[in-house]
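A short write-up of the structure that comes next.
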Amino acid sequence: MYRSNGNFEAFGRPEKPADVDGKSAYFVGSGLASLAGAAFLIRDAQLPGNKITIFEELGLPGGSMDGILDEHKGFIIRGGREMEAHFEALWDLFKSIPSLAVENASVLDEMYWLHKDNPSSNPARAIHNRGEKIDQMKDLTLTRGAAEELMKLVLTREEDLQDKRIDEVFGKEFFESHFWLYWATMFAFEPWASALEMRRYTLRFIHHISTLADLTSLRFTRYNQYESLIKPLVAYLEGNGVTFVYNTQVDNIELDSSGSSKLAKRILLTENGESKTIDLSENDIVFVTNGSITESSTYGDNDTPAPVVTDKGGAWSLWKNLAAQDASLGHPEKFCENIPEANWSISATVTLTDDKIWPYIEKITGRDPRNGKIVTGGPCNIADSSWLYGFTVSRQPHFEAQDPQKEIVAWIYGLFSDKPGDYVKKTIRECTGAELCAEWLYHLGVPEDQIDDLAHNSASTVPCNMPYITSYFMPRALGDRPLVVPEGYKNLSFIGNFSETERDTVFTTEYSVRTAMEAVYTHLNVDRGVPEVFDSSFDIRVLLSSIYYLNDRKPLSEIKFPLIEKLIGKAALKKIEGTYIEQLLQDAKLV
527 MYRSNGNFEA
537 FGRPEKPADV
547 DGKSAYFVGS
557 GLASLAGAAF
567 LIRDAQLPGN
577 KITIFEELGL
587 PGGSMDGILD
597 EHKGFIIRGG
607 REMEAHFEAL
617 WDLFKSIPSL
627 AVENASVLDE
637 MYWLHKDNPS
647 SNPARAIHNR
657 GEKIDQMKDL
667 TLTRGAAEEL
677 MKLVLTREED
687 LQDKRIDEVF
697 GKEFFESHFW
707 LYWATMFAFE
717 PWASALEMRR
727 YTLRFIHHIS
737 TLADLTSLRF
747 TRYNQYESLI
757 KPLVAYLEGN
767 GVTFVYNTQV
777 DNIELDSSGS
787 SKLAKRILLT
797 ENGESKTIDL
807 SENDIVFVTN
817 GSITESSTYG
827 DNDTPAPVVT
837 DKGGAWSLWK
847 NLAAQDASLG
857 HPEKFCENIP
867 EANWSISATV
877 TLTDDKIWPY
887 IEKITGRDPR
897 NGKIVTGGPC
907 NIADSSWLYG
917 FTVSRQPHFE
927 AQDPQKEIVA
937 WIYGLFSDKP
947 GDYVKKTIRE
957 CTGAELCAEW
967 LYHLGVPEDQ
977 IDDLAHNSAS
987 TVPCNMPYIT
997 SYFMPRALGD
1007 RPLVVPEGYK
1017 NLSFIGNFSE
1027 TERDTVFTTE
1037 YSVRTAMEAV
1047 YTHLNVDRGV
1057 PEVFDSSFDI
1067 RVLLSSIYYL
1077 NDRKPLSEIK
1087 FPLIEKLIGK
1097 AALKKIEGTY
1107 IEQLLQDAKL
1117 V
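Its first residue numbered 527, the sequence shown is counted upward by one per residue in this note's numbering.
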């Protein structure tokens, strides 16, 4: 497996690898990583689909990329996916997956045309004072000291950030900035999360510094992620003969890790309550999605909180069983144990059932949520909320079965779980759906004497508790996640956001697809480059632009940071007059 960039590799089709006809593949889990891996096996490795089996613990595919209409509770989404133009592996996949909504188009075509017609933007990235937009919303408000801390983090090596928390490398001023408000609520970072992952994010998405306040860099699907991404991908795989086995838990995979050539020897699973065994040879490749952020999810309703359950479930127990056989396969306990009590775990789906609440959304955003266009374009967060509450209203309808003239679907979440609300004096985990809605309505500016009536009679809210939702971000050390293809293994790989690949960032659709692509290309010797992570952190234009926006759109003459002053002092600026370097600085608005 090798990495590449450029159209020559991106547009090329690999030849059929040698000996592929003697191979078969088993995937543990049917999340995006497994579905992508199966698609790459068919498209690029040219493995027949009938040689591919996908085991799923639940009764439907998709993993954490969900979106269902429950006959009892109504519309439910546990979360949403923020995508961008430079998810290179993701778009490489979906350019080949036929759309179910648009004839003679791929999923990528459908999204591309949709974005061109209605590009994403967020007119109200953050509010306070019960529905008012915050002052200086476009400014990131980093003090000199906070900006220097951010620069120091970026310049620090990963090996020097092992097991460090974000609040160990930043001080109070940083956490009071708009930068942190936007960054944390966009990516779901919390002060006790991994500083190592924060560094990766900063480098990976440095090209988004200029758009943190309006989120114009994001791309969204027509409907929820299940209907727009998972369903067409599953249809493609089923059409190619892939076998899906639902209600099946893989309990363990027996390994032979004694020598330099290591093998997965046997799959132990429970299918519909019946124990089964599958013997493996070197030609039977196993792709494991280890760990899960949505394991043990529970749901409430308008009158009932979501139960708090901490059963670690099959995804975590399997990883523990594998790591017990070989220490090189990671340390799952670092991610699924000792999660802070304050951590985000609650989200909720709010379905507005009449016309009494949506005008408050329109007042804040300036957009009618019923017209089929982008509404919030990503999260709108409440800066003075004790829960650090936020909400997203995607294009409506968000479900194909939804009538947007009668129903509006919103998603709400709170990043702090250990504090009482500002209207509802409970922690977010203790709240019923109606109470979660009432807290939201309070911050939207609904008159207090109307809040409870509207929360009960003009909306239906389904709370969801996800105890492991931010486990990706737990402080970690090198080696805590297994490599995509662990050293020495001939037929075992790890895919998804708890596996380890260089430079890219977890909690993204891109990471799921990238790790799957790397695993398939490695095991099947596919002679085509895996597109490298977008190289924005090596682009001088992006770096100069980020300096401009991190300093609230100030020219170099007003920026007083020691490193910048040393690199670009007044004498240096004089010497570059009339040169290409001066032109770059002018393009970045720094001079």
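Heads up, the beta-carbon is just placed ideally off N, CA and C, and yes, glycines get one too.
Assign residue i to one of two classes, buried (16 or more other C-beta atoms within 10 Å of its C-beta) or exposed (fewer than that).
i: Ile900; result: buried
i: Tyr752; result: buried
i: Ala1045; result: buried
i: Asn828; result: buried
i: Phe1066; result: What sits at residue 1066 in the sequence shown is Ile, not Phe. So Ile1066 ends up on the exposed side.
i: Asn989; result: It is Pro, not Asn, that sits at residue 989 in the sequence shown. Classification of Pro989: buried, given that the 10 Å Cβ count is 16 or more.
i: His733; result: buried
i: Gly785; result: exposed
i: Leu914; result: buried
i: Val1193; result: In the structure as shown, the chain begins at 527 and stops at 1117. Residue 1193 is therefore absent and cannot be evaluated.
At the level of alpha carbons, what is the spacing between residue i and residue j?
i: Ser550; j: Tyr1015; result: 16 Å
i: Ile660; j: Met712; result: 16 Å
i: Ala562; j: Tyr825; result: 28 Å
i: Ala832; j: Val876; result: 14 Å
i: Leu844; j: Lys1080; result: 52 Å
i: Arg896; j: Glu933; result: 9 Å
i: Thr796; j: Asp777; result: 7 Å
i: Pro1012; j: His1049; result: 11 Å
i: Gln928; j: Arg1029; result: 39 Å
i: Arg745; j: Val1068; result: 20 Å
i: Pro905; j: Arg651; result: 7 Å
i: Asp1053; j: Ser807; result: 24 Å
i: Phe1024; j: Ser801; result: 27 Å
i: Glu974; j: Leu962; result: 15 Å
i: Trp706; j: Ser873; result: 21 Å
i: Gly605; j: Ile1107; result: 44 Å
i: Glu926; j: Gln1109; result: 49 Å
i: Thr815; j: Glu1026; result: 12 Å
i: Phe1064; j: Met677; result: 15 Å
i: Glu614; j: Met724; result: 21 Å
i: Ile1021; j: Asn869; result: 25 Å
At which residues does the alpha helix (DSSP H) containing residue i begin and terminate?
i: Gln1109; result: 1106 to 1113
i: His1049; result: 1035 to 1049
i: Pro989; result: Careful: Pro989 lies outside any alpha helix (DSSP H), inside the beta strand (DSSP E) at 985 to 991.
i: Arg670; result: 670 to 681
i: Glu780; result: First-last for Glu780: 774 to 782, but that is the beta strand (DSSP E), not the alpha helix (DSSP H).
i: Asp737; result: Residue 737 is actually Thr in this sequence, not Asp. No alpha helix (DSSP H) contains Thr737, which DSSP labels as neither H nor E.
i: Phe1024; result: Run containing Phe1024: none; DSSP gives neither H nor E here.
i: Lys757; result: 757 to 765
i: Tyr1074; result: 1066 to 1076
i: Pro540; result: Neither: Pro540 is in no alpha helix (DSSP H) and is coded neither H nor E.
i: Lys889; result: 884 to 891
State the start and end residues of the unbroken beta strand (DSSP E) segment that holds residue i.
i: Asn925; result: In the sequence as displayed, the identity of residue 925 is Phe instead of Asn. Unbroken run through Phe925: none, as it is neither H nor E.
i: Ala551; result: 550 to 554
i: Thr875; result: 872 to 878
i: Ala652; result: 652 to 654
Please name the residue or residues paired with residue i in a DSSP beta bridge.
i: Arg529; result: Val1056
i: Thr747; result: Thr747 is not bridged to any residue.
i: Val771; result: Phe581
i: His641; result: The partner list for His641 (beta bridge, DSSP) is empty, contrary to what the question assumes.
i: Phe917; result: Cys906, Ile938
i: Lys690; result: Answer by DSSP bridge pairing: none, since Lys690 is not bridged.
i: Leu789; result: Asp782
i: Lys659; result: Ile653
Should residue i be listed as close to the ligand ZN, given that the test is whether its C-beta is under 7 Å from any heavy atom?
i: Lys621; result: The ligand ZN is absent from the structure shown, which contains no ligand whatsoever.
* Just list the alpha helix (DSSP H) runs in the region 692 to 720, keeping only unbroken ones of 4 residues or longer that don't cross its boundaries, in chain order. => 698 to 701, 704 to 713
* Let me know the alpha helix (DSSP H) ranges lying completely inside the region 566 to 632, each 4 residues or longer, listed in chain order. => Here the runs fully enclosed are 614 to 620.
* To do: At 4 residues or longer, and completely inside the region 793 to 848: list those alpha helix (DSSP H) runs for me, N to C.
  => none
* Asked: Can you list, in chain order, the stretches of the alpha helix (DSSP H) that have 4 or more residues and sit fully within the region 943 to 979?
  -> Fully enclosed alpha helix (DSSP H) runs of 4 or longer: 959 to 970.
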